[in-house]
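Only one structure is covered here, and it is reproduced in the block below.
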Amino acid sequence: MSRSKLKKLGLNLPILPMTSVGSFPKPPYLLEARKKFAAKQMKHADLRELEIRATREWIRKQESLGIDVMVDGEMYRGDMVAYFAENWEGFKTSGLVRSYGNRYYRKPIIVGEVKAKGPLTVDWWKFVQSLTEMPLKGMVTGPYTMMDWLFNEYYPTRRDACLAMAKVIRGEVKSLVKAGAKIIQIDEPAISARPEELPEFAIEAMKDVTKGIDAYFITHICYGAFEFIYPEMLKLSVDNFDLEMSNSGLDLLKLFKKHPFTKDISFGVTDIHTHVIESNELVEQRIRSALEVLKPEQVWVDPDCGLKTRTTEEAIGKLKAISVAVKKIRRELEA
Amino acid sequence: MELKAANNGSYPRISDDDQRHRQAYAKLDSKEIAWDDFEKVQDEVTRDAIEEQAKAGLDIVTDGQIRWYDPVSHIARNLEGCEINGLLRFFDTNFYFRQPVIKGKISRRDSLAKEYRFASGVSSKPVKQVITGPYTEAKLSINNSKADFRALVDEFAKVIAQEVKDLAGAGAKFVQIDEPAILKKPADFAILEKAVKKISAAKGGIELSLCTYFGDAAPLYKKLVTLPVDTLSFDFTYSPSLPDLIAEKGCEKNLGLGIIDGRNTRLDDKDNVLAKIVKIMPAVEGETIYIMPSCGIGDYLPRGTAFKKLQIVAETTEKARQMK
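Chains as they are written, first to last, in the numbering used here: chain A, 1 to 335; chain B, 1001 to 1324.
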């Protein structure tokens, strides 16, 4: 439990802090602009202006719902892996690869030593943080997921590629912390891809990213085959695990009963794969189930995953349900 | 003992220069063309995929599984008692399949033999028909039927045994049953065994193969070799100890060496591949060793790279022949 760490960092968060995982839906005007930009019919500066407008709107929305720890909504990002690969050295783009059905994408290939060209997300983080009094997460994609979701033609092994990624990501994290970020989220959705690699090098890579850096670290994991990596995954050197809980009917709580969950958790209480907006009561019920197994001081509350695949209305509806349910339970806990 | 260069399963349907399939699919979705028009494009693309495999130098090709939406729902779509649900990640890949939902007793509406007949009709090389196996189908489905998991695997086995029988009737010589899911739960081996026995009983003159990938087959090797199949195929990229294990334990069956990495664009070091083949060769008592990619390459590699990978398959097979 890292309440003391949060305090030391100057973060006085209420009990059951509310947050989001990272992405929000892009408004129609931004989707349109991104299409135009891709077709070279729009200048980057004009696109940027609209990204800023959309980001401002999402910050205001989060504030009005009483969210405690902000995210920027990732209005400027497409893919969480390609975004970094496209802006770092050592990559080229592949031919088309199928994602599902008739969907294809270009998967970056590591062809040389991976290096940053300088801080990538820092100026944007500073700008967005200046829009709000509430703390804003710094967001990076984790070394294991970067390695697993890229082609690698340069590093001899998966381990080598992962540890090389860790080095570059550490640089980005340090820059974010230097700029004032106190909460850093390292997204590792792929962490359970090959469970045997968790002790072999994924834990080491996370340590390489976070070691000795004065910040509160969250890692976001989804699509997890948790039965294969729990409780081993608790060794990842972060303070908080942001987990997709609701999509699997809170099944993970059974694992937590068998082996206590020893860190903080950002407990996903709304399923991002469904268009249905959960009722306040359902969200409340999920939080209460969490509190049967976890201590209130351990628990943060958020949606299962990034909300970018939902409509704006659905995303706001899901956040609102969280806000109402958390505020109700908070009052009870504080009484 | 013979060495043959073979594809594992799928082959990419589009490339940067050839997006006929993607465009036709989009037109089908927006109802600009009818299903029959789309099928004509699928025929063309299947023919080209087969030709490319032959051009790369393969001895055994597949139809590229061009018509397969994904490895799981293609079988399930054809079943009464089954609906198709949302997307789910396919094992540890970046590819997503649609999850079948089993509502009741399952039975076939149609047969894969139609696909086999088309492919073998346009191919200059023998065509291997690939089918996702009963255990993996059941494992990756949502089971809302009255049957428990074991009973569901049995039902799938029955359906796939009928499929194999139809394929034998259509003249198929090679059928590969894919069972990647068993590597995630080796304790279910007895369930798999029962299903494979049912399929094997229907195989007639077919050379029946069982293929696993996306996991280390070494811990299950001793049991897998007891299955009533003619050929066993493994993914060597997950299994560093497998060449030594096979060299030590031997193999009375034909062996498929999934030894060319089907998931990464790096072109495999031919000497390294050859060294593994040479280590395994003397231990194989079966009639044939197939050199293959580690998995289907259609959903993981760009087409240009996939072609080069198959060329490596053919070249290393040829070199190994010379070293026999």
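By construction, the Cβ of each residue, glycine as well, lies at the ideal position given by its N, Cα and C atoms. None of the values given here were measured: they were computed from a predicted structure.
{"Query": "8 Å Cβ cutoff, L1331(B) in contact with chain A", "Result": "In the structure as shown, chain B begins at 1001 and stops at 1324. Residue 1331(B) is therefore absent and cannot be evaluated."}
{"Query": "Residue of R159(A), K43(A), F217(A), K328(A) minimising C-alpha distance to P199(A)", "Result": "R159(A)"}
{"Query": "Residues within the segment 95–118 of chain A neighbouring chain B, beta-carbon criterion of under 8 Å", "Result": "G95, L96, V97, R98, S99, Y100, G101, N102, Y104, K107, I109"}
{"Query": "Beta-carbon separation (whole angstroms), Y1300(B) vs G1262(B), contact threshold 8 Å", "Result": "6 Å"}
{"Query": "Per-residue burial, N1094(B) [other beta carbons within 10 Å of its own, 16 or more giving buried]", "Result": "buried"}
{"Query": "Exposure of N1085(B), with buried meaning 16 or more beta-carbon neighbours within 10 Å", "Result": "exposed"}
{"Query": "As assigned by DSSP and simplified to three states, the class of W1068(B)", "Result": "coil"}
{"Query": "Proximal chain B residues relative to R194(A), where beta-carbon distance stays under 7 Å", "Result": "D1092"}
{"Query": "Rounded separation between P1228(B) and A1195(B) - CA only", "Result": "10 Å"}
{"Query": "Proximity below 8 Å, CB of V81(A) to CB of L150(A)", "Result": "yes"}
{"Query": "Through-space distance from G101(A) to L1152(B), alpha-carbon basis", "Result": "26 Å"}
{"Query": "Buried or exposed (CB count within 10 angstroms, at least 16 for buried), H1021(B)", "Result": "buried"}
{"Query": "Which listed residue (G73(A), S2(A), E172(A)) has its alpha carbon closest to that of K115(A)", "Result": "E172(A)"}
{"Query": "Whole-angstrom distance between V1101(B) and S266(A), CA atom to CA atom", "Result": "31 Å"}
{"Query": "Partner residues on chain B for E153(A), Cβ-Cβ distance less than 7 Å", "Result": "T1265, R1266"}
{"Query": "Where the beta strand (DSSP E) through V1101(B) begins and ends", "Result": "1096–1108"}
{"Query": "At least 3 beta-carbon pairs within less than 8 Å: the segment 1117–1137 of chain B vs the segment 1173–1180 of chain B", "Result": "yes"}
{"Query": "Boundaries of the beta strand (DSSP E) in which Y1290(B) is found, first to last residue", "Result": "1288–1293"}
{"Query": "Inter-residue Cα distance where the pair is P296(A) and I1260(B)", "Result": "51 Å"}
{"Query": "Extent of the continuous beta strand (DSSP E) run through G1086(B)", "Result": "1079–1089"}
{"Query": "Classification of D1029(B) by the beta-carbon crowding that lies within 10 angstroms, buried from 16 upward", "Result": "exposed"}
{"Query": "Nearest neighbour of K1222(B), chosen from A1283(B), K1249(B), A1119(B), A1147(B) [CA to CA]", "Result": "K1249(B)"}
{"Query": "P1219(B) at chain A interface by Cβ criterion, 8 Å", "Result": "no"}
{"Query": "Sequence-distant residues of its chain with Cβ nearer than 8 Å to M134(A) (five each side left out)", "Result": "Q62, E63, I67, D68, V69, M70"}
{"Query": "Closer than 8 Å to chain B by CB, W124(A)", "Result": "no"}
{"Query": "Beta carbon of L1058(B) nearer than 8 Å to that of L1267(B)", "Result": "no"}
{"Query": "Contacts around L250(A), its chain only, beta-carbon distance under 6 Å, and the 5 residues preceding and following it disregarded", "Result": "S289"}
{"Query": "Exposure label - P1282(B); buried when at least 16 CB within 10 Å", "Result": "exposed"}
{"Query": "Range of the contiguous alpha helix (DSSP H) that encloses V324(A)", "Result": "312–334"}
{"Query": "Touch test, the segment 1192–1208 of chain B against the segment 1232–1245 of chain B, Cβ-Cβ under 8 Å, three pairs minimum", "Result": "no"}
{"Query": "CB contact below 8 Å: F1307(B) versus chain A", "Result": "no"}
{"Query": "Endpoints, beta strand (DSSP E) assigned at S1209(B)", "Result": "1207–1211"}
{"Query": "Extent of the continuous beta strand (DSSP E) to which L13(A) belongs", "Result": "Taken as a continuous stretch (DSSP letters only), L13(A) belongs to no beta strand (DSSP E), as it is neither H nor E."}
{"Query": "Test item: CB-CB of G1286(B) and C1251(B) under 8 Å", "Result": "yes"}
{"Query": "Listed by chain order, chain B residues near W88(A) by CB distance under 7 Å", "Result": "By Cβ distance, chain B contributes nothing, its closest Cβ being about 18 Å from W88(A), past 7 Å."}
{"Query": "Whole-angstrom distance between R1303(B) and W125(A), CA atom to CA atom", "Result": "39 Å"}
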